[in-house]
RNA sequence: CGGAGUGUGGCGCAGUCUGGUAGCGCACUCGCCUGGGGGGCGAGGGGUCGCAAGUUCAAGUCUUGUCACUCCGACCA
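Residue numbers (this note's numbering): 136 to 580.
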């Protein structure tokens with residue numbers, strides 16, 4: 136993409152409403168525009184990142200046998216009356232009426248709806264297990280939205296729902312998701328720690344929050360120092376091997392990690408680290424809470440009708456955009472992990488009016504595109520300073536800096552955004568370095 | 001919802017106390033210079049001062065109401 140043709144409204148100054156780094160940088164880097172409290176437009180650059188995250192989440196859900204569907208944003212109140220949550224949910228639920236005065240709502244979550252989908256078709260234990268998920272916009276009318284997309288009212292969420300005959304099977308489904316979650320976060324370039332969570336009003340007795348450690352995190356967390364250098368990727372674990380998965384799950388959940396709410400000091404190790412974190416996922420086993428009230432029943436082997444065992448598994452996709460920035464930035468801007476970067480490489484043309492410089496840039500731009508590298512080419516006819524600043528701000532993993540000075544000796548500058556390392560390299564080796572690096576990324580998950 | 005603030009050109013702000021020509025920086029347009037970390041000179045365009053009533057000869061400024069947004073708290077992915 137040529138920057139001169141693109142829609143990338145970067146801001147030089149900090150918008151006054153943005154307090155934390157991710158919010159500030161998302162506004163400044165032209166990723167989002169606020170339309171109301173906790174409601175945002177995703178501009179082209181922001182949308183690219185959102186989509187990349189979404190696709191990685193999707194990939195890992197599919198990998199453990201979950202099936203994607205897409206449920207509506209607007210739901211009928213009837214289902215919620217059935218489950219009893221229409222009254223229980225309170226003001227967070229945005230309630231609306233249609234022209235016939237029917238009670239509707241903008242979905243804050245989808246347990247009722249998915250249960251209704253399930254019960255309409257599945258009647259036998261032979262059709263179990265099933266896991267259905269969707270990635271959809273939700274709305275919760277938070278009292279006080281804040282921190283940009285980290286705590287918006289409208290947000291993109293992946294929600295999966297598992298259906299099993301027995302509790303034992305439901306636990307297996309839970310563990311599969313647990314594994315998928317760790318793989319997902321690893322692919323996003325994040326270290327995320329599973330923590331035993333309070334099951335709250337939803338009930339059930341098995342629940343984990345997935346917490347990204349970050350100083351600007353919303354809640355205090357207490358973790359065993361061991362987590363800091365543990366392998367969290369689950370890369371050697373195959374979900375179909377139930378024994379292997381169970382062993383992995385037990386390993387991961389035996390090391391101490393607790394949020395503020397669940398930390399009581401009991402069983403805490405000596406080498407406890409107190410830090411802060413951002414919740415980027417939450418999984419629940421809740422048994423028959425909805426299947427009983429909503430009559431999602433199947434017949435078991437004995438011909439007896441029983442409610443299905445359910446679990447739900449959420450990942451805040453839009454929130455992750457902010458969370459990733461919280462974990463990956465410096466004073467100048469964002470430092471995208473390669474797998475979610477909006478573009479892999481940015482080319483900076485330092486002097487558009489210089490024929491050779493522009494010629495080299497064009498050539499490089501063409502070649503990188505031909506090599507399947509997502510490249511953003513800053514071909515704007517402006518001064519260098521602004522280009523450097525913008526490129527650092529938007530945080531692409533690699534920058535190729537091309538100017539007359541270097542070209543005199545046949546080199547360009549290659550800069551790695553994450554570390555700030557800069558090297559003068561020949562044109563040929565630029566192509567090599569970049570295409571090899573990109574290949575590594577795309578094979579990474 | 002309790003507490004605290006803010007609404008003035010696209011963005012960031014001054015002007016409001018003490019009513020009297022609506023201003024600054026950046027951005028934008030045109031021209032020239034410049035060209036390796038937000039550059040320089042010159043010439044321009046753009047604002048019913050959130051909205052509505054009221055007081056006044058006169059309201060960005062005073063009064064009342066209202067809306068929006070932000071921050072702290074309780075709540076939450």
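Each residue gets a CB set at the ideal place from its N, CA and C atoms; glycine is no exception.
Straight-line measurement puts the Cα of residue 305 at about 11 angstroms from the Cα of residue 296. Taking all protein chains shown into account, residue 426 has 16 or more neighbouring C-beta atoms within 10 Å of its C-beta and is therefore buried. Taking each of 301, 293, 429, 510 in turn and checking the Cα distance to residue 218, the smallest one comes out for 429. Residue 273 and residue 290 have their C-alpha atoms some 5 angstroms from each other. Residue state for residue 158 is assigned as helix, using DSSP reduced to three classes. For the pair residue 436 and residue 258, the Cα-to-Cα distance works out to about 12 angstroms. For residue 513, the enclosing beta strand (DSSP E) covers residues 510-513. In this structure residue 452 touches residue 292 by the C-beta definition: roughly 6 angstroms separates them, less than 8 angstroms.
Taking 3 residues as the shortest admissible run, the region 486-557 contains the following complete beta strand (DSSP E) segments, listed from N- to C-terminal end: 510-513, 533-537, 546-551. Contact holds between the region 530-545 and the region 483-499, because three or more Cβ pairs, one in each stretch, are under 8 angstroms apart.
In the DSSP assignment, residue 329 is bridged to 345.
Just measuring C-alpha positions, the residue of 512, 355, 529, 307 sitting nearest residue 472 is 529.
Contact between the region 250-266 and the region 274-284 is absent, with fewer than three C-beta pairs closer than 8 angstroms. Judged by DSSP secondary structure, residue 416 falls within the beta strand (DSSP E) whose first and last residues are 407-422. Shown here, residue 293 sits in a strand according to DSSP, grouped into three states.
Taking 9 angstroms as the cut-off, the Cβ atoms of residue 327 and residue 309 do not count as close. Rounded to the nearest angstrom, the gap between the Cα atoms of residue 251 and residue 303 is 23 angstroms. Taking a contact to require three or more Cβ pairs closer than 8 angstroms, the region 351-365 and the region 403-414 qualify as touching. Judged by DSSP secondary structure, residue 388 falls within the alpha helix (DSSP H) whose first and last residues are 377-389. DSSP places residue 323 outside both helix and strand once states are collapsed to three, so it counts as coil. With 16 or more other Cβ atoms inside 10 Å of its own Cβ, residue 214 counts as buried. Three or more Cβ pairs closer than 8 angstroms define a contact, and the region 387-396 falls short of that threshold against the region 438-447.
Assignment of residue 181 by DSSP, reduced to helix, strand and coil, places it in the helix class. With fewer than 16 other Cβ atoms from the protein chains shown falling within 10 Å of its own Cβ, residue 152 counts as exposed. Where residue 248 is concerned, the enclosing alpha helix (DSSP H) starts and stops at 246-256. In the three-state reduction of the DSSP assignment, residue 362 falls in the helix class, which pools H, G and I. Cβ neighbours of residue 460 within its own chain (closer than 6 angstroms, five residues either side excluded): 157, 160, 469.
DSSP places residue 278 in no alpha helix (DSSP H); its state is neither H nor E. 478 is the residue among 478, 533, 553 whose C-alpha sits nearest the C-alpha of residue 137. Take residue 247, set aside five residues on each side of it, and the residues of its chain with a beta-carbon closer than 8 angstroms to its own are 210, 214, 215, 217, 218, 220, 425, 429, in chain order.
Cβ atoms of residue 249 and residue 240 stay farther apart than 8 angstroms, at about 15 angstroms.
Selection 268, 386, 416, 548 evaluated against residue 285 yields 416 as nearest (Cα-Cα). In chain order, 316, 327, 329, 415, 416 place their CB closer than 6 angstroms to the CB of residue 345, counting only its own chain and leaving out the 5 sequence neighbours on each side. The Cβ atoms of residue 526 and residue 481 lie closer than 9 angstroms to each other. Secondary structure in the region 422-466: the alpha helix (DSSP H) runs of 4 residues or longer, each lying completely within the stretch, are 424-428, 452-462 in chain order. Here residue 412 is near residue 353, since their CB atoms are less than 9 angstroms apart.
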